[in-house]
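Heads up: the structure comes next, in structure tokens.
Residue numbers (our numbering): 9 to 404.
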């Protein structure tokens with residue numbers, strides 16, 4: 009199984025105290041993320057936003073600690089949205105006007121980004137290119153009443169059309185630069201401080217099967233007119249899969265906390281607006297791309313926020329619990345027992361025995377132990393037995 013976490017992350021989790029006897033790495037990781045991301049104000053804000061009948065008292069509890077000047081704009085935008093959809097709630101004379109102004113400012117900024125997409129997208133259409141839209145730009149189209157920051161709009165084109173798409177944007181007077189091997193960033197001009205369009209050839213799930221998965225994504229997408237452009241809109245199940253993988257990756261990369269909260273609302277919207285939502289497509293995508301661990305971590309984080317977003321049947325038995333537990337034990341084994349021993353074994357040379365620096369018994373003891381653990385590394389079931397036994401020593 010592909011390693012998803014790094015040693016430093018595991019050390020941080022262990023030092024936090026969340027990794028205890030009989031606790032999996034994934035559970036400890038989620039607890040750590042939750043405590044880092046969800047401060048007191050964020051917890052109250054999410055309770056209000058997810059409530060069908062938020063109370064004025066709860067809002068006043070939030071505002072008592074809320075510093076509108078210090079909070080991220082995206083979090084303030086969520087608070088502004090709460091007040092917009094629940095006009096019965098009243099903010100103070102200080103916060104109210106500022107939050108309304110923030111909504112108007114963001115709406116104007118989003119319209120500017122959309123205008124650029126319309127211009128470039130129509131030029132792509134004329135050249136026979138129909139892009140797939142995803143992330144924030146798509147959610148803004150699907151749910152226009154929900155405010156969100158749109159730094160840019162992300163689109164996916166066929167691999168053969170990737171470079172051509174960037175050149176088409178350039179022919180319109182835009183400037184493009186390569187972000188990585190997967191995407192081009194389109195800027196209004198060379199001196200612009202931010203991009204307006206991100207053209208992908210891969211969504212970067214991180215799997216060797218991504219090309220095959222993208223082929224299925226294109227096949228399941230429906231052609232619609234989005235912001236005046238002939239555009240492919242992925243099915244809700246593919247959007248859910250992309251959102252969950254991005255949520256999981258963003259948790260580890262310490263991306264903007266508000267973006268994580270927006271992702272949770274995206275999942276909620278997708279499930280509420282498709283009664284026949286087919287989780288089998290999400291499962292097939294996950295297995296095809298070997299993203300079991302990422303999907304489970306994202307689902308566990310969502311359930312930590314609220315148990316009323318994902319279906320009950322998924323809460324009672326996670327889709328990939330076995331794979332995640334196997335992975336957790338593998339990570340514990342590698343980082344707590346195997347890696348350090350591996351380094352010691354590689355550093356110890358047989359010449360040290362002949363030079364009388366170490367004894368034969370020391371040499372053989374270390375090498376035999378290392379070879380034994382190296383064998384275990386290939387067998388999840390043996391690792392499970394090993395971890396259960398050594399957990400008593402390690403955590404006591």
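Ideal placement from N, C-alpha and C gives every residue a C-beta, glycine not left out.
In this structure, residue 103 sits near residue 74, with a CB-CB distance shorter than 9 angstroms. Excluding residues up to 5 positions away in sequence, 221, 224, 245, 246, 249, 299 lie with their Cβ nearer than 8 angstroms to the Cβ of residue 293 in the same chain.
Following the DSSP letters along the chain, one finds residue 100 in no alpha helix (DSSP H), marked with neither H nor E. Between residue 287 and the set 258, 315, 259, 328, the nearest pair of CA atoms involves 328.
Taking the Cα of residue 160 as reference, the smallest distance to any Cα among 192, 94, 296, 57 is reached at 192. In this structure, the alpha-carbon of residue 90 lies about 10 angstroms from that of residue 155. Rounded to whole angstroms, the gap between the alpha carbons of residue 237 and residue 65 is 45 angstroms.
With at least 16 other beta carbons inside 10 angstroms of its own, residue 239 counts as buried. Secondary structure of residue 76 (DSSP, three-state): coil. Our two residues, residue 233 and residue 269, have alpha carbons roughly 28 angstroms apart in a direct line.
Collapsing the DSSP output to three states places residue 307 in a helix. For residue 230, the secondary structure class from DSSP, reduced to helix, strand or coil, is strand. Bounds of any alpha helix (DSSP H) do not take in residue 284, whose DSSP letter is neither H nor E. Judged by DSSP in its simplified three-state form, residue 362 adopts helix. When the Cα atoms are used, residue 110 and residue 85 turn out to be separated by approximately 7 angstroms.
When secondary structure is reduced to three states using DSSP, residue 38 falls in the helix class. When secondary structure is reduced to three states using DSSP, residue 165 falls in the coil class, being assigned neither helix nor strand. Inclusion of residue 243 and residue 289 in the CB contact set at 9 angstroms is warranted, their separation being smaller than that value. When DSSP states are grouped into helix, strand and coil, residue 66 belongs to the helix group. Residue 311 holds the alpha-carbon nearest to the alpha-carbon of residue 38 among 106, 384, 219, 311.
In this structure, DSSP gives residue 124 a helical state, which the three-state scheme calls helix. A buried status is given to residue 50, since no fewer than 16 other beta-carbon atoms sit within 10 Å of its beta-carbon. The distance from the Cβ of residue 140 to that of residue 163 is about 6 angstroms, consistent with a contact at the 8 angstroms cut-off. The Cβ atoms of residue 32 and residue 333 lie closer than 9 angstroms to each other. Annotation for residue 191: no alpha helix (DSSP H) segment contains it, though the beta strand (DSSP E) segment containing it runs 191 to 195.
A distance below 9 angstroms separates the beta carbons of residue 172 and residue 137.
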